[in-house]
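Visitor: Have a look at this one before I ask anything.
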Amino acid sequence: MESDRKRDRRSWDWSSPHCRTQLDDIFFRHHDYIQAGSAEHREFWTFFDRFQRFKTKKDMCSSEGGSRNAEDAKRKDKGKSSKMDIGLPVEYDARYRINLSVCTRDIEERLGKTGHRSRDKSSGPGDQEIADCRLTLLHFLDFWQKQSFSKLAKLRREQKNLPIYQYRDKIVELVRRHRVVVVAGDTGCGKSTQVPQYLLSAGFSYIACTEPRRIACISLAKRVSFESLNQYGSKVGYQIRFEGSRTTATKLLFLTEGLLLRQIQHDRTLAQYQVVIVDEVHERHLHCDFLLGVLRTLVSERPDLCLVLMSATINIKLFSNYFGGAPVLQVPGRLFPIQVIYQPIPPEEQPSRSEKLDPRPYLRILQGIDHRYPPEERGDLLLFLSGVAEISTIQEACQVYATHTRRWIVLPLHSTLSLAQQDKVFDISPPGVRKCIIATNIAETSVTIDGVRFVVDSGKVKEMSFDPKAKMQRLQEFWISRASSEQRKGRAGRTGPGICYRLYAESDYDAFAPYPVPEIHRVALDSLILQMKSMGLGDPLSFVFIDPPPASSIQTAVTYLKEQGALDNNGDLTSIGNLLSQLPVDVVIGKMLVLGSVFNLVEPVLTVAAALSVQSPFLRSSQQNPDCSTACQPLHSNQGDPFTLLNTFNAWVEVKGERGGGSRKWCRRRGLEEQRLYEMVNLRRQFRDLLRSHSLLEGERNAAPDGDRGQRRERLTERRKLHQLKRDHEHQEKSKRKVLKLEEGQDGDMSSGSDTEDTRRRKKDKEGSGQDVDIQEVKFKLRHNMSELQEAVTVSQDMSSRHQALLKLLLCRGLYPQLAIPDEHNTTRKDSDQVFHTKNKQGVVIHPTSVFASDPEVLHVPEHDARETGPDHKESTKHQLLAFVTLLETNKPYLSNCVRIPALQTLLLVANSVDSNADCTRLVVDGWLEVELKEPEEALKVLSTALTLRTEWERVLQVQLGQSAQAESAAPGVSRKALEKLIDGLVRFLLYTEVIYCLQRLTALQIQNLYIGPSSDLSRSKIPDVNPLFPGAKLKPHHIKGGLIVTSFFTYNCLADSRDLYSECLRTFWSCPNCDLYMPLTPLERMTHEASCRPAGEQQQLEEEEAGREKATSSSVSSLTRVFHCDVCNEDLTLTPTEILKHKRQHMYSVK
Amino acid sequence: MEQNTHQSSSKTFICQLCDLTSPYSYYGQKPPNTRAIVLLEECFVTRDPFSPDKEKFLVLGSTCSLCNSCVCVGQDCSLFYTKRFCMRCVNKHLDQFPHQIQAELAKKKDRSKAGVS
Ligand SMILES: [Zn+2]
Ligand SMILES: [Zn+2]
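If you read the protein sequences in the order shown, they are chains A and B. Under the UniProt record's numbering, the residue at position 967 of the first sequence is numbered 967, and the numbers go up by one with no gaps. Under the UniProt record's numbering, the residue at position 83 of the second sequence is numbered 83, and the numbers go up by one with no gaps.
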């Protein structure tokens, strides 16, 4: 027996999985604290190996420790003799230091009993093995406790060390005692992470904390939940445009300013929150300024709401005063001393307006640093420039120097870089080498890089401003403010003492404006005004802003919104305006969405609207790479950039469907930033939800049953796996930063797809291929239903030319009045010199990223088609205009995201103002474009068709929008047939109208003498007293232009060459194709007739439809017939407009 | 304003030596879900905030077996050797501790001195 046991002992092998499993059955059972198969279990066995090695080593060392024991015994005696005995055991044992034990006696006993019976069992672990394992487990648990506790202690230590910590009680007290509190503290004082926690632990719950940037919401929520020991709970959450981690348990929520405003739109008093913290108020973003205004009113309405404003120590008084002298708590920041060196650029190195920057002043600083500071002294350099072009100039020069000295790694940092490239600035440089990060003001507040010791400040910034006159955005270079200057300087002292080189004189600094111009003074206020209207805040001019924008800029916005049809003439929201105010996008894009859903063209419109709302996925640097541009070629559409974006998105979805994560490579090869496509797919979905919630889209298409149960289960399993992957990724401690290579950035900004590929591959190698989880792909799969998406894409891929034309028209109606006309001399100019004009800005060019920049010929009037009739007048049927999304002036005014459109057809269908002469051969659109038609007959026909189509279009739109406004009411909408017919009519008109005309801009002189003006010699009696197009409305003379207002957009016969309205020479015989009418008519009469006369069959259907609607709206009079009082017969007649016309004509002939 | 109304785990542990403060959810020798594990002293216990597993616990501290002061388990505040001793008591009775512990404490003292200078 004894010998048997010995043999078994020898056969026990700790490293054998079989042996370990036997111990697992004792210590790590299914219900145990640590379970076999868990991460802790794996850690335990790793720990076990380490612990055994440690023990063996220790045993060898202490084999001659016999005398020590005697010593200990002596100590024991001495202790006894001296003072009170604290009762410690005589012999030292490390396990006495562990305050826990593991009891497994029950199982051991069970095993022990059976162990003697069978040989099999006796080969299992003996007492010694079990004891060894237990001891190790004890040490493992102890180690684990120590590790977690030291994390906790470290956390608390760091919190205590923050400058704000000593104000903790003060802050809580202030918030308890005052309605509004301002906490002002500089970078590094810890206000953003700590103040919410202080309030949380003081017992406040339902706290909202707004941030200007989405990324800050995520990182703060992560940090604060970690610090408040709720890393794995949802007490602290975030919510941003597309995603959130909020649950019912969430007590503290980080969200963007814009999102809180949206919440106020639905929950006017913000009843869901007890405390609102507005962080970074000093940054003065548009949304923030507005939010403060709204909260100011709310504070007086809700006595239980607390408001905390957090700011840098900039202009604190402004905020305090705005809230009636709210108490201010000022917290010192934690910055190391920073030496400021003023090094103004000498005059000979100053760049002139058109020239590139001179790199010499910058290179001197690099040289100076190399000269003065030994390379072992770490510390990177951060260089602030105004824009991307400036960055690449200086980067190029610095790179040459860096390659030569091998002491620098030069990295650019701006928002148009790919995220992977942006991420490089956080990597670490090898010893003896410094990073030289050349950045825009993105690094001033948005991106914080540790380890910067030197800051170089050019003192310049490029800022967007809005020019209301030219309706143009402008990106201009300015001197920064003293506040920004200090902010930039501060970046050098975050981790140690630093140096700031200012490339301007101290006198310049003193002359800087104290603060940056707040955004509300720089940008177009359209969206803001729209939102104010929808929140019922009254007259925007009387709203109390913290720093009110100029009244003219509010006025411009109101006018623009009226032009766009979002506000009516009284400045109230229209039904479409109400919808637009709910969409977090530009008004033009919102319009597209609404139009797209009305016309059942949702899929492509969703994609285009999303694409136009995010940065372009085409990376600029890669588009100069011939390989990339060749690969992109099939995606291009010469219809316009929105179509290229649509193709790109569709192709990407297809690739994702086939290859999943392989899309990353596909994008890389084409120089596409995949992140933007992910943003698009998210935005697209948000748009869809919004349209749905406004009943503009039918509910969830009942997804076809997802295969059999097996397939469903498979999907479920996959989702679970994806969720796990996402969680793992989120909980991963920030991965260790990579070490940069000296060659990094040597390809400079010219870095193409292939460079990015290298970087990615390098990363991948490091991470180990197995763990290379594409988290974007995981999130994508979780959020979107691939098959649904593919279906949507198929719909927009198989677009017929008919649908394409319709899409174009809808885009155009959305974008209107953002139109540009090609210059008449473009055909004779080089590709790069093509010029365009908008109504308010002459001489604009197409942005090089646009498809029309490389292919301008498609915009020219084909030579064979054109007939030269004058020096600048070309007759053709094929004139085109450009509709564009943005007009932005940088060094030149650029049009971006353009679509080409047939000129006359589109203008007639979308323009707000069309004026004509007597025979309609001359039209002026929006007071700046002149159309001259060759044939009066054709002119009349085209105009008449357009009027009819537009009337119907308006009607359909009103019905559909009215319906969505009443949500579930059962009012019959527009019949499918009527809609199809309208679409057919519009497309036909757009594609197949063949009219010869000239198109030109009016000269200033022409504009002055455009209209005949209200005239007295047109005797009143001659004006028809009814407007047959819109029964019930009178045909009125236009009191400025003269002529007659036919519809809200069309004024007849008001142009200066106009003739007498009823002069007989205008009367020509005409037979109506729909009825048997044949008589001499004036153009106006003819249009009137055409507008109301339909082919017999259709007429009937229309009337039926009318009848149906009548029932629903219980209106008593059909909109087609009306009561007409004939002065001649002196009788009231109920007639249709055509009948009225016929009736009157009858008298005309008989009386004469 | 309602405060502390529904905070179930609002019991707070504070170390009397270093002021470390943290809410605790259990006091005793047998925290929930610990199965075969038993604590050898009465402890202030919370759920381990650094583990994704809800069932893992973390011992924050306990009371000194000699002076009854409430101390955290951090090395600078207390020591466990069959019983919990706060650092003040350890220093008072240092000679009764085994030489291994004495040596360790001396080494730590040296290190912290070096760190200060
Ligand atoms: Zn302590
Ligand atoms: Zn004590």
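Glycine included, each C-beta is placed from N, C-alpha and C at the ideal position.
Out of A/K738, A/L887, A/V236, which one is the CA nearest neighbour of A/L220?
Guide: Walking along the first sequence from the start, residue 220 of chain A turns up at place 220. Checking every option, the nearest Cα to that of A/L220 belongs to A/V236.
Visitor: Quick one: what's got a C-beta closer than 7 Å to A/Q22's C-beta in the same chain, skipping five residues either side?
Guide: Here residue 22 of chain A is taken as the residue at index 22 of the first sequence, counted from 1. Correct list, in chain order: G124, P125.
Visitor: Measuring only between beta-carbons, confirm whether A/A153 sits less than 8 Å from chain B.
Guide: Along the first sequence, read from residue 1 onward, the residue named residue 153 of chain A stands at position 153. Interface residue, yes.
Visitor: Closer than 8 Å, CB to CB, is A/R156 near chain B or not?
Guide: Mapped onto the first sequence, residue 156 of chain A falls at position 156. Cβ-Cβ to chain B under 8 Å: yes for A/R156.
Visitor: Using a Cβ cut-off of 7 Å, pull out every chain B residue sitting near A/V102, in sequence order please.
Guide: The residue you call residue 102 of chain A lines up with position 102 of the first sequence. Within chain B, the residues near A/V102 are A36, I37.
Visitor: Run the proximity test for A/L381: is its beta-carbon closer than 7 Å to any non-hydrogen atom belonging to ligand 1?
Guide: In the first sequence, the residue the question calls residue 381 of chain A occupies position 381. Not under cutoff, so the answer is no.
Visitor: Under 7 Å from any heavy atom of ligand 1, does the C-beta of B/C72 make it?
Guide: On the second sequence, residue 72 of chain B is found 72 positions in, with the first residue counted as 1. It does: the Cβ of B/C72 is within 7 Å (strictly closer) of some heavy atom of ligand 1.
Visitor: Of all the options A/L1044, A/E679, A/K941, A/S575, which has the alpha carbon lying nearest to the alpha carbon of A/T993?
Guide: Translated into the one-based positions of the first sequence, residue 993 of chain A becomes position 993. Checked all of A/L1044, A/E679, A/K941, A/S575; the closest Cα to A/T993 is A/K941.
Visitor: Leaving out five residues before and five after A/L690 in sequence, what residues of the same chain have Cβ atoms less than 7 Å from its Cβ?
Guide: For the purposes of this step, residue 690 of chain A is taken as the residue at position 690 of the first sequence. Correct list, in chain order: Q582, L583.
Visitor: Closer than 8 Å, CB to CB, is A/P17 near chain B or not?
Guide: Taking the first sequence and counting its residues from 1, the one referred to as residue 17 of chain A is at position 17. False, the Cβ-Cβ gap to chain B never drops below 8 Å.
Visitor: Could you tell me how far apart the beta carbons of A/L923 and A/L949 are, in whole angstroms, since I believe they sit closer than 8 Å?
Guide: For the purposes of this step, residue 923 of chain A is taken as the residue at position 923 of the first sequence. For the purposes of this step, residue 949 of chain A is taken as the residue at position 949 of the first sequence. Approximately 16 Å separates the beta-carbon atoms of A/L923 and A/L949; this is outside 8 Å, ruling out the contact.
Visitor: Establish whether the CB of B/V71 and some CB of chain A are separated by less than 8 Å.
Guide: As a working mapping, residue 71 of chain B is identified with position 71 in the second sequence. For B/V71, the answer is no, since every Cβ of chain A falls outside 8 Å of its Cβ.
Visitor: If you follow the alpha helix (DSSP H) that A/M1079 is in, where does it begin and where does it stop?
Guide: For the purposes of this step, residue 1079 of chain A is taken as residue 1079 along the first sequence, with counting starting at 1. Element bounds for A/M1079: not the alpha helix (DSSP H) but the beta strand (DSSP E), 1078-1081.
Visitor: At a Cβ threshold of 8 Å, is A/F687 touching chain B?
Guide: The residue you call residue 687 of chain A lines up with position 687 of the first sequence. No, A/F687 lies away from the interface with chain B (no Cβ there is under 8 Å from its Cβ).
Visitor: Using the beta-carbon count (16 or more within 10 Å), is B/P32 buried or exposed?
Guide: For the purposes of this step, residue 32 of chain B is taken as residue 32 along the second sequence, with counting starting at 1. It counts as exposed.
Visitor: Which value, in whole angstroms, describes the spacing of the CA atoms of A/C812 and A/K562?
Guide: Sequence index remark: in the first sequence, residue 812 of chain A carries index 812 (1-based). Sequence index remark: in the first sequence, residue 562 of chain A carries index 562 (1-based). Between A/C812 and A/K562, the C-alpha separation is close to 17 Å.
Visitor: Whole beta strand (DSSP E) runs in the segment 358-407 of chain A with 3 or more residues, listed along the chain?
Guide: 380-384
Visitor: Rounded to whole angstroms, what's the CA-CA distance from A/D749 to A/A389? Just pull it up for me.
Guide: As a working note, residue 749 of chain A is residue 749 in the first sequence. As a working note, residue 389 of chain A is residue 389 in the first sequence. Confidence at A/D749 is low in this model, with a pLDDT of 40, below 50, so the placement of that residue is unreliable and no value is reported for it.
Visitor: Given this structure, state the Cα-to-Cα distance separating A/V739 from A/E396, to the nearest angstrom.
Guide: To locate residue 739 of chain A, count along the first sequence from 1; it is residue 739. To locate residue 396 of chain A, count along the first sequence from 1; it is residue 396. The straight-line gap from Cα to Cα measures roughly 22 Å.
Visitor: Comparing alpha-carbon positions, which option in A/A946, A/L947, A/R976, A/S944 lies nearest A/V959?
Guide: Looking up residue 959 of chain A in the first sequence gives position 959. It is A/R976 whose Cα lies nearest to the Cα of A/V959.
Visitor: Is the closest heavy atom of ligand 2 to the C-beta of B/C67 under 7 Å?
Guide: By one-based count along the second sequence, residue 67 of chain B stands at place 67. Remark: the C-beta of B/C67 is in contact range of ligand 2, defined as less than 7 Å to any heavy atom.
Visitor: Return helix, strand or coil for A/H837, following the three-state DSSP convention.
Guide: One-based indexing of the first sequence puts residue 837 of chain A at position 837. Residue state, collapsed to three classes: strand.
Visitor: Is it true that the CB of A/V276 sits closer than 8 Å to the CB of A/L307?
Guide: Within the first sequence, residue 307 of chain A is the residue found at index 307, counting from 1. Within the first sequence, residue 276 of chain A is the residue found at index 276, counting from 1. A contact, by the Cβ cut-off of 8 Å.
Visitor: Would you please state the rounded distance, in angstroms, between the beta carbons of A/L383 and A/C436? I believe it to be under 8 Å.
Guide: Stepping through the first sequence from its first residue, residue 383 of chain A is reached at position 383. Stepping through the first sequence from its first residue, residue 436 of chain A is reached at position 436. Their Cβ separation, rounded to whole angstroms, is 7 Å, which keeps A/L383 and A/C436 in contact under 8 Å.
Visitor: Got a sec, what are the start and stop residues for the alpha helix (DSSP H) A/A131 sits in?
Guide: To locate residue 131 of chain A, count along the first sequence from 1; it is residue 131. 127-161 is the span of the alpha helix (DSSP H), which, as asked, contains A/A131.
Visitor: Give the straight-line distance between the Cα atoms of A/N1009 and A/A1056, rounded to the nearest whole angstrom.
Guide: Locating residue 1009 of chain A in the first sequence gives position 1009, where the first residue counts as 1. Locating residue 1056 of chain A in the first sequence gives position 1056, where the first residue counts as 1. Their backbone Cα atoms lie some 7 Å apart in a straight line.
Visitor: Does the Cβ-Cβ distance between A/S446 and A/R213 come in under 8 Å?
Guide: Counting from one through the first sequence, the residue named residue 446 of chain A turns up at place 446. Counting from one through the first sequence, the residue named residue 213 of chain A turns up at place 213. Yes, these two residues count as a Cβ contact at 8 Å.
Visitor: Quick check on A/S896 - is its C-beta less than 8 Å from some C-beta in chain B?
Guide: Locating residue 896 of chain A in the first sequence gives position 896, where the first residue counts as 1. No - not a single Cβ of chain B is within 8 Å of the one on A/S896.
Visitor: Secondary structure at A/V1046, three-state DSSP: helix, strand or coil?
Guide: On the first sequence, position 1046 is the one that residue 1046 of chain A refers to. Coil.
Visitor: Please report how far the alpha carbon of A/V587 lies from the alpha carbon of A/G814, in whole angstroms.
Guide: Along the first sequence, read from residue 1 onward, the residue named residue 587 of chain A stands at position 587. Along the first sequence, read from residue 1 onward, the residue named residue 814 of chain A stands at position 814. Spanning the two alpha carbons is a distance of roughly 8 Å.
Visitor: Regarding B/C89 and ligand 2, is the C-beta to nearest heavy atom distance less than 7 Å?
Guide: Translated into positions along the second sequence, residue 89 of chain B becomes position 89. The answer is yes for B/C89.
Visitor: Grouping DSSP H, G and I as helix and E and B as strand, with all else coil, what is A/V1151?
Guide: As a first step, residue 1151 of chain A must be located in the first sequence, where it is residue number 1151. Annotation note: pLDDT 45 at A/V1151 (below 50); position unreliable, no value reported.
Visitor: To the nearest angstrom, how far is the alpha carbon of B/F57 from that of A/V183?
Guide: Here residue 57 of chain B corresponds to residue number 57 of the second sequence, with the count starting at 1. Here residue 183 of chain A corresponds to residue number 183 of the first sequence, with the count starting at 1. About 37 Å.
Visitor: Find the residues of chain A that neighbour B/G74, judging by a C-beta separation of less than 8 Å, and give them in chain order.
Guide: As a working note, residue 74 of chain B is residue 74 in the second sequence. Within chain A, the residues near B/G74 are F149, S150, A153.
Visitor: Looking at chain B, which residues of the segment 18-37 of chain A have a Cβ within less than 7 Å of any of its Cβ atoms?
Guide: Those residues of the segment 18-37 of chain A that come within reach of chain B (Cβ to Cβ, closer than 7 Å) are H31, D32, Y33.
Visitor: Based on Cα-Cα distance, which residue from A/T495, A/S485, A/G496, A/A326 lies nearest to A/D508?
Guide: As a first step, residue 508 of chain A is located in the first sequence; it is residue number 508 there, counting from the start. Measuring from the Cα of A/D508, the nearest candidate turns out to be A/S485.
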